[in-house]
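Below: the structure, in structure tokens.
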Amino acid sequence: MASQIVDIHPHIISDDETRYPPAPLFGKRSEWSKERPTTVETLIAAMDEAGVAKAAVVHSSTTYGFDNSYVVDGCAKYAHRLVAVGSVDVLQPDAPQRIREWTERGLAGLRLFTGGSTKEFDPSELDDVRSFPAWELCAELDLPMCIQTGPVGLPQITTLARRFPSVRIILDHLGRPEVADGAPYAKAQSLFELASLENIYLKLTPRIFGDVKKEKASAETFFPRVVEAFGAKRMAWGSNFPTSPGKLSEILATAQAGLQSLSEQDREWIFGKTALALYPALA
């Protein structure tokens, strides 16, 4: 197993709503952020218990909209272990300026949230020309871009990956492929078609570890197929803690069990080395 386990998808929520007032994207706050808020201190304690060395903490858009203050402040407190991944409204004319301001405050990556827990996916903004100046700046600053979408958004992601080949695009939750049909996973063909685009990376979260246990799918047939297509150097584990229920240690154990059929070398990339390549500040 990897000498250092790195998590690229936990979230943190402040317990001080006066200093960090909620202002959720799309106007509806996510249930998990009210039921299972996790401060940066709670996250560090959970990481210690689980044996997770470092993390790239993803800003909660469904709590704070485009105000990344808590994720950058929280990660700055533990700068030797955490980096912040935030969100900016890339369709606004001042997006490049906002990105520069947040990176100066410590932001190490960006995320586009096109839907998920509180609204249906709308991929139209992904390849909207108004967003291109933000993408060009990501290329200049070497900021990776996480994208939260489903299969509906993969055509736009293909366009973006080709247009901005030097920006590393990380698909949250593996792009949510349909896998219940089992091997050879014909319904996930749109995901596998992205494999030739070398700047596309995959984030393996609890969602896919649950999906591969349904109907004809299995971890033993699905994950080796993904590694064969993309290579483990373009795959990284993310806990989605505390959005996904359960202790961080349990979420990690489920992922480790799900990837047991892979080689030790591949698992080292997925549980640590890929994350350090994507977010060098963690190294």
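Numbering (the working numbering), first residue to last: 27 to 309. Note that the Cβ used here is the ideal one computed from N, Cα and C, for glycine as well.
Residue i burial status per 10 Å Cβ neighbour count (16 or more: buried)
i: Ala212; result: exposed
i: His106; result: exposed
i: Thr185; result: exposed
i: Gln174; result: buried
i: Asp237; result: buried
i: Gly201; result: buried
i: Thr231; result: buried
i: Leu117; result: exposed
i: Phe52; result: exposed
i: Ala160; result: buried
i: Ser265; result: buried
i: Lys103; result: exposed
i: Pro210; result: exposed
Same chain, Cβ closer than 7 Å to residue i, neighbours up to 5 away in sequence not counted
i: Pro48; result: Arg55, Thr89 and Tyr90
i: Asp93; result: Ala49
i: Ile296; result: Leu230, Ala258, Met261, Ala262, Trp263 and Leu285
i: Ser40; result: Tyr46, Thr65 and Tyr96
i: Thr154; result: In the sequence as presented, Thr is not what sits at residue 154; that position holds Asp. Leu117.
Backbone CA spacing between residue i and residue j [nearest angstrom]
i: Leu304; j: Ala281; result: 20 Å
i: Leu285; j: Phe249; result: 7 Å
i: Glu75; j: Gly132; result: 26 Å
i: Leu217; j: Arg194; result: 16 Å
i: Leu302; j: Leu108; result: 11 Å
i: Ser59; j: Arg251; result: 34 Å
i: Arg188; j: Thr44; result: 43 Å
i: Thr68; j: Arg156; result: 38 Å
i: Thr17; j: Leu288; result: In the structure displayed, the chain extends from 27 to 309; residue 17 sits before or after that span and is not available.
i: Val253; j: Arg233; result: 18 Å
i: Met73; j: Ile277; result: 11 Å
i: Ser29; j: Pro36; result: 20 Å
i: Pro191; j: Glu130; result: 24 Å
i: Asp168; j: Pro306; result: 10 Å
i: Gln182; j: Ser150; result: 8 Å
i: Asp42; j: Pro119; result: 31 Å
i: Gln123; j: Ile196; result: 23 Å
i: Ala165; j: Trp128; result: 16 Å
i: Glu57; j: Glu219; result: 34 Å
i: Thr269; j: Asp115; result: 23 Å
i: Glu294; j: Ser275; result: 17 Å
i: Phe158; j: Leu223; result: 19 Å
Other residues of its chain near residue i: CB distance less than 6 Å, five sequence neighbours each side excluded
i: Arg260; result: Tyr227
i: Gly100; result: Ile38 and Val66
i: Pro177; result: Ser216
i: Leu308; result: Lys80, Val109 and Leu302
i: Asp292; result: Val253 and Ala258
i: Ala82; result: Ile34, Val109, Val111 and Tyr305
Candidates the options: closest to residue i by CA position
i: Glu162; options: Phe297, Ile125, Ala206 and Trp58; result: Ile125
i: Val97; options: Thr269, Tyr46 and Gln123; result: Tyr46
i: Gly272; options: Phe190, Arg62, Ser40 and Ala165; result: Arg62
i: Ile20; options: Gly298, Glu166, Phe267 and Pro203; result: As shown, the chain starts at 27 and ends at 309. That puts residue 20 outside it, with no answer to give.
i: Thr300; options: Ser150, Asn225, Leu274 and Ala283; result: Asn225
Neighbourhood of residue i by C-beta distance below 8 Å, restricted to the same chain and skipping five residues each side
i: Ala206; result: Lys213, Asp237, Lys240, Glu241, Lys242 and Ala243
i: Arg137; result: Val84, His85, Ser87, Val111, Gly112, Ser113, Met171, Cys172, Ile173, Gln174 and Asp198
i: Gly208; result: Glu241, Lys242, Ala243, Ser244 and Thr247
i: Phe235; result: Ala245, Thr280, Ala281 and Gly284
i: Gly298; result: Ala28, Ser29, Gln30, Ile31, Val32 and Ala79
i: Glu204; result: Pro177, Lys213 and Ala214
Presumed contact (8 Å Cβ cut-off) between residue i and residue j, rounded CB distance
i: Ile31; j: Gly77; result: 6 Å
i: His85; j: Ala110; result: 7 Å
i: Ala221; j: Ala245; result: Not quite, the Cβ-Cβ distance comes to about 19 Å (not below 8 Å), so this is no contact.
i: Gly179; j: Leu152; result: 6 Å
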